[in-house]
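Colleague: The numbers in our numbering rise by one with no breaks, and the one at position 269 of the sequence shown is 271.
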Amino acid sequence: MERIVAIYLRVSTDEQARNGYGLGDQEEQCKKYLDLYYPDEQNVIIYKDDGYSGGNLKRPQMKKMIEDLKKEKIKMIIAFKLDRLTRSVVDTYKLISMVTEHDCSLIAVVDQLDINSANGRMLVGILSIIAQWEREVISERVICAYTEMARLGKYPFAGAPFGWKKDKELHLRRNLKEISIIFEMKNLFLEGYSYEFISRYIKKRYKLIIGTEQIRKILGREENIGIFHYRGTAYNNIFPAIMKKESYLKLKEQLKYRKPHLKQKKKYLFHGLIECKCGTRCNHFTTVKKNKTYYYYYCPKCSKRFNQDLLIDLTINEIILNRHLQNLSCKIDEREKKIKRLEHEKKETFEEYQNGQIDRGIYQFTIGELNKKQNRYKEEIDKLRICSKDEFLKIPYEEKYEFIHRYIAKIIVNTDTNQVLQIKYKKLIKELE
């Protein structure tokens with residue numbers, strides 16, 4: 003197999019703005035060098051990393067080039083400058099070692115070096131040290147500039163975090179519209195709604211896409227009470243607070259118990275909902291007797307536990323009764339009407355297909371989407387029709403968990419007497435379609 007000549011190009015956005023040599027300029031200079039010194043070389047492949055730092059070798063096209071090098075596909079690597087390959091001394095010597103091991107030449111056009119000679123290899127080492135020094139100096143200057151901006155009460159980074167806006171002097175101001183959305187997310191969260199529900203709700207109501215992890219970060223960040231951390235220092239003169247400290251601490255306490263959890267934790271049907279009368283959130287506790295697993299909610303302060311089966315006996319009928327009192331039959335009727343409308347749409351789609359108005363592909367796709375919607379409404383109706391503890395016990399664990407967390411915000415228990423003192427329900431929000 004004929005070995006190739008590799009031309010490697012790299013630029014990061016700030017370097018292009020600072021130095022003016024983009025990928026096109028680098029490619030042109032490398033090809034001119036090739037035409038001048040190796041005019042017969044026709045088998046050339048270009049590896050191009052656009053917008054990547056030279057701090058390490060973890061770049062898509064650099065990885066591909068190294069992979070091809072190790073497969074003995076490359077006989078020569080040409081770069082515009084040595085620092086286009088890497089700015090790290092360690093990585094430079096790694097690269098030299100690899101090209102030497104695989105009988106490959108390494109040429110940097112502007113630096114006029116070739117590692118085939120001892121002087122060339124020495125010069126590579128010197129230039130790589132200088133390149134790394136330059137990178138570290140730039141980094142130190144950026145950190146110093148950002149630190150000084152923070153000291154002056156200015157936000158040092160681009161844009162502004164959700165909840166604030168930045169003026170021309172780089173000072174942050176409250177963004178009242180976004181703050182109202184944050185408070186809505188906070189209230190829904192404290193009411194017991196999941197991150198997934200909140201994300202769908204915000205998308206439906208405000209046409210904003212905010213992921214579950216982003217919601218968790220927005221609610222838990224200290225910037226909400228005016229504290230900003232940069233390189234180990236806390237600044238309280240940059241972010242105008244948007245929450246009272248007492249409210250924020252209450253929210254943080256809830257966030258500790260609402261971390262994303264594994265599927266097996268859903269065996270705890272009341273996960274995150276059980277609170278002891280002493281005000282302490284109950285943890286999970288499991289025992290196994292005669293090959294049967296028992297699930298408990300344990301108060302670390304009182305050192306007492308509450309059996310999950312007993313909780314189901316004491317709460318499910320009341321939860322079901324409360325839910326039915328909230329006119330859920332209307333919701334069933336609403337979904338049945340939607341199923342009928344979807345059935346009508348399916349008939350109309352079939353008629354259009356028969357009349358040649360749409361092709362087979364569009365017909366199959368449309369019917370598939372309508373069937374998905376129908377099935378979703380049917381599943382929702384099945385959940386709404388759970389009307390007794392016996393029916394609740396028959397459904398799978400996953401559905402039991404969803405049923406409880408759909409309606410319950412908190413259950414306060416007495417772990418001394420094994421009594422349920424209070425069931426706090428969520429404020430029902432119109433279903434997301």
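Beta carbons: idealized from backbone N, C-alpha and C, even for Gly.
Please go through the same chain and pick out, in chain order, the residues whose beta-carbon is closer than 8 Å to the beta-carbon of A147, but skip the five residues on each side of it.
Modeller: Closer than 8 Å at the Cβ level, and outside the excluded window around A147, lie P158.
Colleague: Buried or exposed, going by whether 16 or more other CB atoms sit within 10 Å of the CB of E225?
Modeller: buried
Colleague: Using a threshold of 8 Å, state whether the C-beta atoms of I80 and V7 are closer than that.
Modeller: yes
Colleague: In the structure shown, what three-state DSSP assignment does I406 receive?
Modeller: helix
Colleague: For L264, I'd like the list of residues in its chain whose CB is within less than 6 Å of its CB, leaving aside the five on either flank, ordered along the chain.
Modeller: In this prediction, L264 scores a pLDDT of 49, lower than 50, which makes its location untrustworthy; no coordinate-derived value is stated.
Colleague: Would you call G358 buried or exposed, if buried means 16 or more other Cβ atoms sit within 10 Å of its Cβ?
Modeller: exposed
Colleague: Can the beta-carbon of K375 be found closer than 8 Å to that of L344?
Modeller: yes
Colleague: Taking the alpha-carbon positions, what's the D335 to I414 distance?
Modeller: When rounded, the distance between both Cα atoms is 34 Å.
Colleague: Could you spell out where the beta strand (DSSP E) holding N189 opens and where it closes?
Modeller: First-last for N189: L178 to E193, but that is the alpha helix (DSSP H), not the beta strand (DSSP E).
Colleague: Which same chain residues, not among the five before or five after P262, have their C-beta less than 6 Å away from its C-beta?
Modeller: With a pLDDT of only 49 at P262, under the threshold of 50, the placement of this residue in the model should not be trusted; the figure read from the coordinates follows. Hits under 6 Å: none found.
Colleague: Compare the Cα-Cα distances from L174 to each of L154, I145 and P398 and report the closest residue.
Modeller: L154
Colleague: Based on DSSP bridge pairs, tell me the residues matched to M78.
Modeller: V7 and S107
Colleague: Within the present structure, is the beta-carbon of L312 separated from the nearest heavy atom of the ligand GDP by less than 7 Å?
Modeller: Here there are no bound small molecules, and the ligand GDP is not part of this structure.
Colleague: Is the beta carbon of E29 closer than 8 Å to that of I9?
Modeller: In contact: I9 and E29 (Cβ atoms closer than 8 Å).
Colleague: Please classify H273: does DSSP put it in a helix, a strand, or coil?
Modeller: coil
Colleague: Using a Cβ-Cβ cut-off of 6 Å (strictly less than) and excluding sequence neighbours within five positions of C301, which residues of its own chain qualify?
Modeller: C278, T282, C284 and T417
Colleague: Quick check on G281: does DSSP put it in helix, strand or coil?
Modeller: Residue state for G281 is assigned as coil, using DSSP reduced to three classes.
Colleague: Quick one: what does DSSP say N357 is sitting in, helix, strand or coil?
Modeller: coil
Colleague: Since Q421 is in the alpha helix (DSSP H), which residue starts that stretch and which ends it?
Modeller: Segment Q421 to Y427 is the beta strand (DSSP E) holding Q421; no alpha helix (DSSP H) there.
Colleague: Between I318, E354 and K380, which lies nearest to Q424 when the distance is taken from Cα to Cα?
Modeller: I318
Colleague: If you scan the stretch 290 to 325 from start to end, which runs of the beta strand (DSSP E) of 3 or more residues do you find wholly inside it?
Modeller: 294 to 301 and 306 to 309
Colleague: Can you give me the Cβ contacts of Y296 inside the same chain, cut-off strictly under 6 Å, excluding the 5 residues immediately before and after it?
Modeller: T289
Colleague: Whether or not the stretch 242 to 250 and the stretch 175 to 185 are in contact is what I'm after, with contact meaning three or more pairs of Cβ atoms, one per stretch, closer than 8 Å; do they touch?
Modeller: By the C-beta criterion, the stretch 175 to 185 is judged to be in contact with the stretch 242 to 250, since at least 3 inter-stretch pairs fall below 8 Å.
Colleague: Output the distance between the C-alpha atoms of L210 and I204, rounded to the nearest integer angstrom.
Modeller: 6 Å
Colleague: If you draw a straight line from the C-alpha of R448 to the C-alpha of H231, how long is it?
Modeller: No answer is possible for residue 448: the residues shown for the chain start at 3 and end at 435.
Colleague: At the level of alpha carbons, what is the spacing between N45 and I76?
Modeller: 10 Å
Colleague: Does the Cβ of K426 have 16 or more other Cβ atoms within 10 Å, making it buried, or fewer, making it exposed?
Modeller: exposed
Colleague: Report the residue from L257, S305 and L271 whose alpha carbon sits nearest the alpha carbon of C280.
Modeller: Closest in C-alpha terms to C280, from the list L257, S305 and L271, comes S305.
Colleague: Using only the alpha-carbon positions, how far apart do Y365 and D315 sit?
Modeller: 49 Å
Colleague: Checking the sheet assignment: what are the DSSP bridge partners for T235?
Modeller: Y232
Colleague: F287 by DSSP, collapsed to three states: which one?
Modeller: strand
Colleague: If you compare alpha carbons, which of K179, N189, D93 and R89 is closest to I140?
Modeller: R89
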